[in-house]
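Protein chains in written order, with this note's numbering: chain X, 1439 to 1859; chain C, 1439 to 1859; chain B, 1439 to 1859; chain H, 1439 to 1859. We put the beta carbon where it would ideally sit given N, CA and C, even for glycine. Only a predicted model underlies this, so the values are computations on that prediction, with no experimental measurement involved. Only one structure is covered here, and it is reproduced in the block below.
As structure tokens, then:
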């Protein structure tokens, strides 16, 4: 596969057809490797780019079933990738003095069935998802193609570039699961500048937002209550009601969200309990998340959450188990002058820029941004403005494909500016 | 198919292999018809034996899907049966003066996957369920075969029998869904004596319990809350949380069960809510049931339940919908002397009898028993004692097959006794 | 004070004017002693008639304040009585062979302000309560006067009576608090027959109910949650919300009442929490009670209650404390033949009798009844039928005073019958 | 009473001894009138300074009882004041052209028993509260004396002052109850500049904070649930449980506080329910408050609160009643340049100033500030820095009395500056 001949829109449409949810990005990873392997990049993948904390993994059965459906082969070792060590880190050293600039692109899709309606562009133009149970409904297909397009730009400009470039293709951003283990594995060690960004998110078409704010710290947890079943009429007292425990737990959790240090969020997104109308429910499961405007708030909230879970289990005489399913720290711009300078530079290079954009959600690139800045580097998160159709995570989500080139150019100009600092 | 040559144990094993849950008893109904159609019985099925209140129907999709998997044909019209008007009513008129005696046999199975373990008799002897998603785990396969065996006994003794016999093969007893619409359709009109019974249920092997008590009145309901989804971090206030409504509703429902007029029961057996961790849940569903030692208690409880559902919807600003999924009245023995007389008669005919057996659950045959008694007839519910393996509704449930002949004889002797009163 | 000249109605009206709630029966105790001290009875009071488990004591302040308001003096030591060791046990030994017959009379009043309306007999006839905060609104003034009238009967018939008589004037029956410590102190040791009873309670005027049933086992508890206060706007996270803990606890407690072994009851009768609208509440108090148709049910319920309290405290990160405030066992008639024989004997002596009367509540005389029967004796609880005005515990409660003589005679005839067995 | 000879500290100590909670400021109002009536001010009081919306009034009984305890007389009509139309508005017209400057001073105390400990200055110096049930524990005694001291300054400088001065002595600030009805009555109509402030609140000694921020919008409500009582054992089903309704309501209310538009607060500060352990509680009362970082958030929250109250009443089949007990809007500085200019001017006049002070609570002077600004005027809220002992609302609260003169001078200098604009 030759990246050189590939248009960024074609790339996007290619990846759009093979959406793969977090830790299952098997084809996606292989395709990225294949595009980059003969391009002068040093490639790392599998266990080399992950630590021990891959959060929110699919079950072994799900993973195996999907793997079996693919029948992937390659002339390099796929085994680690197929165990869920997905993603790629591609490094290019210009051999000229200069900073190490890392760029992060997230690559996973969502468990959503894509629209087949005629007015949905991917359907109309024939590049709708081929995987019935998944869809790129948050623009990560765009992010991958911007990453590859940026790689192409490096190749084309390698004679005039300085320093080192690291392209991080990160799995499992949805549910904020993938960044932590990559940071653990050291993928941003030694990075001077980290660039990241997201298509859309409120910036108007053609507007480049420089320096996003308002990343909530977040924790994702799965809670299991295990009781004792009993016939609800004949001997209800033999039961230990896991459904009732979950119901009480859910209610009590929502009472915990008032903090003076900043806003917090708590959501019990999913509750599943019981198996039969006339049996005291012995199983219950909840998928919850907490958030805080800052780390402190999320941590205080999590402490209270733990107590409520434990206390509820005691109240209803059931067992409980909590599994960490994801998480990301908050992020605050530490050097507003730097952000301002980058913004000004990009303005001067013809971009319509905007600052102080609030994300109002969470993104695990904050693990990388904080890590880089804690080590003395700097980080910027962009929003690449474009027209969005459907909300993110909607089955008719789509974006204006002009943003792909726009984003590549913005990143390239930023890189050039930073190289000259 | 010739009933005459059929052993009751073979019959049971035949039906055991084709378990069909309530309102899906397509093969079962056809097989019963086929066994009886040339035996002198007058057969009714389809809409003729059902009123408008078939409760707790499967969804149209489930029903269609199952129907498609079968490819059933017959030389009579199957269309109503395949629309879920399942069950058969078979009448035999001896043309000799005597009472009308009805016998009720329930025919449905459960959504349970049957054990394939070597020590499970149906597996060992090769008559395990052929339907992976269903199992006769409450002995109704036995009940069908007793019914057919009883039909055979009528055929064999038709020259000496008196009065009229009505064999009611009732669908959808599980979840107490099927009896009501049959009563509405008049299947027990004009009945002088109604005989019903259940294999096992606490009576020891070879013991015949005459006159069961302690049927709880019960109502089964499915509750749906419909809210508004929203991103849990970005704009939680746009959401209307159906999960939280369900949780609060469940808790509040369980507070309602204290009544001086008798014991009551309430169970929320299943709660399913939400679709994604980071979305305010907009759907929630609960399967609940109420019970009362007597009708009055169940009705008072249901009134309170309705208020809690409505009030909860208002509290959380969500819509709600309640679907009646089943129900049965309580039953009290009205003429203990009659029961005693039958018991004594059966004793004299060699049966080990027992009385005052508490069911401690619900059974919708009570609709038929109350109807018959309200019209001046009499009803008896038996328990046919045998050794049970596994609890009812357990994936390794099994019973001693000697009970099939025992139950047939008990019913036959009872019928003979009643004919001579 | 000379009992001989006292009419039972005058006695009742005298005690009606000095109602004293449980453990505060200071004047009442002294008056009973004064009436009996020169009558040949052996009197015991103070610590001699109480063990260590006096439940549900008033606070030291309440007790002291009431004591100070009275200025009681006597020529015997009042100190223990004034510490709340109230009640009297009066024994008379006929010195003739015969059984030991104990009779129990409860002596406490309620914290209710008595009606001053013209149609309320005590007001009209000038014997309304002189204590504004208390009232004999459950007939215990009648019980005391029946006890003293019975004592008078003993005196008048001492030359023909056999065996020993023990009159137990028990404090603190309301809230089932007083009997336990008297049993501990041995007041019913060696008793062959225990007679107890209550005025009214559903028996019609002139009807004597022999052998009451349906005493619920019960436990009374005060629950305290102790949190941390905080300004609700400025720093809510510093608070630990005792009010929320109590609210969640109350709700969860009410979910616990379904048992196959019999009916149960749970009530949170009082909840008091918080001190200011804008402060996270750091104190909460609940007065609760549990009941069971039998001991087993109440015990299972109490175990679950304990878990909910403990679990709730953990959930909301507050401290808790549980104080036992009262309790009584259930009581079942163990020897129906004995009850029947007594009933027949009383019938023959001219009483209109009735049996199988359900109390539908709790009474701590059950401690004494069970103790006597466990030691081989027998117990009977009567209901002395009369017309009641107002419900028990109502501020206009009153009863027909003819019942006082009726009850005395019934107890006397029973005693005579038992002495001759 | 001659204001001229009165030291501001003496004034403060005089008012400190007669603390009167909101709408009961009878002596306080009379004393303010008496101090000002011969000083050239035009005085208004009673119904002239209040509209119809006096929120959170004490009960008629409380009010009458307090009134009776005072025996107040005067040579002017006290009747409206003694009906709770407390407070005074004093206007002085210099007759020289210039702006109308209003100053607001709150005058109410709290239901707190003041410390009698030796290290508490008011005790040591002999000016502790003479009203056992109330205390000036939030510095409003200081505010009154600053107001009177300011009046004295006007008198002393009347020949050089310009424009008009309005001194507003507002009742019932605690619980944010008093400002609304004064605004309704037009007390700030025509005001060009409104000055308000508070002693202490985090500003260090000698520091003048100019332009406070972070006033939460707030609503205070009393919620009543009215059910049906019943004996908890004998006939629980006759009861309608107001305690359970309140418990469920409290829990559900706390789940409502997540909003993207800003922080919110909700507190159920007081819950009182039930009257007896063994009776289903038929009364329940809750004192709650909501807050929002801005008006919008508080309003969205209040809408949800209303639904939960109504829905809960429906769920538990009880009646409900909601009484508005207080409220205040949020306040945002609209003209930061103006605040900055004032701050600079005060700096130049020798004050150590500070800006951007967050209140983190609510204050109903915001009704007046918003009203003035909506009519084209300007408003400033100061914090007069001093050392505080004990927290506000603590029984040992005290402040450094040097602040009284400091605050008077700050307000005077501000007035002079504004007059010259």
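How about residue 1727 of chain B and residue 1658 of chain B: do their beta carbons lie closer than 7 Å? For residue 1727 of chain B and residue 1658 of chain B, yes; Cβs fall inside 7 Å.
Any C-beta of chain H under 7 Å from that of residue 1675 of chain C: At least one chain H Cβ lies under 7 Å of residue 1675 of chain C.
Three or more C-beta pairs under 8 Å: does that hold for the stretch 1714-1726 of chain C against the stretch 1706-1714 of chain X? At 8 Å Cβ cutoff, the stretches touch.
Chain X contact residues for residue 1701 of chain H, given Cβ-Cβ distances below 7 Å: For the C-beta of residue 1701 of chain H, the chain X residues within less than 7 Å are, from N- to C-terminus, 1701.
Expected contact under 8 Å - CB spacing of residue 1630 of chain B and residue 1578 of chain B to nearest Å: Their Cβ separation, rounded to whole angstroms, is 26 Å, which puts residue 1630 of chain B and residue 1578 of chain B out of contact at 8 Å.
Check the C-beta distance from residue 1464 of chain H over to residue 1510 of chain H and give it rounded, since I have them as a contact under 8 Å. Indeed, because the Cβ distance is near 6 Å, the residues count as touching under 8 Å.
Indicate whether at least one CB of chain X lies closer than 7 Å to the CB of residue 1728 of chain H. No, residue 1728 of chain H lies away from the interface with chain X (no Cβ there is under 7 Å from its Cβ).
Check whether the Cβ atoms of residue 1760 of chain C and residue 1661 of chain C sit closer than 7 Å, and answer yes or no. Yes; because the gap between Cβ atoms is below 7 Å, this pair is in contact.
Is it true that the stretch 1512-1530 of chain X meets the stretch 1594-1614 of chain X, where meeting means three or more beta-carbon pairs spaced less than 8 Å apart? Because the criterion of three Cβ pairs below 8 Å is met, the stretch 1512-1530 of chain X and the stretch 1594-1614 of chain X touch.
Are residue 1632 of chain B and residue 1540 of chain B touching if we call contact CB-CB under 7 Å? With respect to the 7 Å criterion, residue 1632 of chain B and residue 1540 of chain B are classified as neighbours on the basis of their beta carbons.
CB contact check: residue 1696 of chain B to chain C, cutoff 7 Å: Chain C contact via Cβ: present.
7 Å Cβ cut-off: residues of chain B touching residue 1746 of chain X: By Cβ distance, chain B contributes 1753.
Starting from residue 1724 of chain C and walking both ways along the beta strand (DSSP E), at which residues does that stretch end? According to the DSSP assignment, residue 1724 of chain C belongs to the beta strand (DSSP E) that extends over 1721-1730.
Should residue 1576 of chain B be labelled buried (16 or more other beta-carbon atoms within 10 Å of its own) or exposed? By the 10 Å Cβ count, residue 1576 of chain B comes out buried.
Run through DSSP, which three-state label would residue 1676 of chain H get? The answer is helix: DSSP assigns residue 1676 of chain H an H, G or I state.
Starting from the beta carbon of residue 1692 of chain H, find every residue of chain B whose beta carbon is closer than 7 Å, and list them in chain order. Neighbours of residue 1692 of chain H on chain B, chain order: 1682.
Can you tell me where the alpha helix (DSSP H) holding residue 1808 of chain X begins and where it ends? Unbroken alpha helix (DSSP H) run through residue 1808 of chain X: 1803-1812.
I'd like the list of long-range same chain contacts for residue 1574 of chain C, defined as Cβ closer than 6 Å, with 5 residues on each side in sequence excluded. Cβ-Cβ distances below 6 Å link residue 1574 of chain C to 1454, 1457 and 1547 in the same chain, with the five nearest sequence neighbours on each side left out; the list follows chain order.
At 3 residues or longer, what runs of the beta strand (DSSP E) sit wholly inside the stretch 1479-1513 of chain X? Unbroken beta strand (DSSP E) runs of no fewer than 3 residues, entirely contained in the stretch 1479-1513 of chain X, are found at 1480-1483, following chain order.
Give the secondary structure of residue 1718 of chain B by DSSP, where H, G and I count as helix, E and B as strand, and everything else as coil. DSSP places residue 1718 of chain B in coil when its eight states are reduced to three.
Spell out whether any CB of chain C is found under 7 Å from the CB atom of residue 1739 of chain B. Closer than 7 Å: no.
Taking residue 1489 of chain C as the query, report the chain H residues whose CB atoms sit under 8 Å from its CB, ordered along the chain. Among the residues of chain H, none has a CB under 8 Å from the CB of residue 1489 of chain C; the nearest is roughly 32 Å distant.
Under 8 Å, with one C-beta from each stretch per pair, do the stretch 1819-1828 of chain B and the stretch 1671-1689 of chain B reach the 3-pair mark? With contact defined as three or more Cβ pairs closer than 8 Å, the stretch 1819-1828 of chain B and the stretch 1671-1689 of chain B are not in contact.
I need the DSSP call for residue 1733 of chain C, collapsed to helix, strand or coil. Correct three-state label for residue 1733 of chain C: helix.
In this structure, how does DSSP classify residue 1690 of chain H when only helix, strand and coil are distinguished? Annotated three-state conformation of residue 1690 of chain H is helix, per DSSP.
Taking only beta-carbon positions, decide if residue 1689 of chain H is within less than 7 Å of chain X. It does; some Cβ of chain X falls within 7 Å.
Specify, as a first and last residue, the run of the beta strand (DSSP E) that residue 1821 of chain X falls within. In the DSSP assignment, residue 1821 of chain X falls within the beta strand (DSSP E) that extends over 1816-1822.
In terms of residues, what are the limits of the beta strand (DSSP E) holding residue 1647 of chain C? Here the beta strand (DSSP E) through residue 1647 of chain C covers 1645-1648.
DSSP-derived helix/strand/coil call for residue 1839 of chain X: In the structure shown, residue 1839 of chain X falls within a coil segment according to DSSP collapsed to helix, strand and coil.
The beta strand (DSSP E) enclosing residue 1518 of chain C, as first and last residue numbers: Unbroken run through residue 1518 of chain C is the alpha helix (DSSP H), 1517-1520; no beta strand (DSSP E).
Can you tell me whether residue 1744 of chain B is helix, strand or coil according to DSSP? It is helical.
Please state the DSSP three-state secondary structure of residue 1462 of chain H. The three-state secondary structure of residue 1462 of chain H, taken from DSSP, is coil.
Any C-beta of chain H within less than 7 Å: which residues of the stretch 1796-1824 of chain X qualify? 1798: these are the residues of the stretch 1796-1824 of chain X whose beta carbon lies less than 7 Å from some beta carbon of chain H, given in chain order.
Kindly indicate if chain C contains any beta-carbon less than 7 Å away from that of residue 1686 of chain H. For residue 1686 of chain H, at least one C-beta of chain C is nearer than 7 Å to its own C-beta.
Looking at the unbroken beta strand (DSSP E) that takes in residue 1707 of chain B, where does it start and where does it end? Unbroken beta strand (DSSP E) run through residue 1707 of chain B: 1702-1711.
So, is the C-beta of residue 1623 of chain X closer than 7 Å to a C-beta in chain C? Closer than 7 Å to the CB of residue 1623 of chain X there is not a single CB belonging to chain C.
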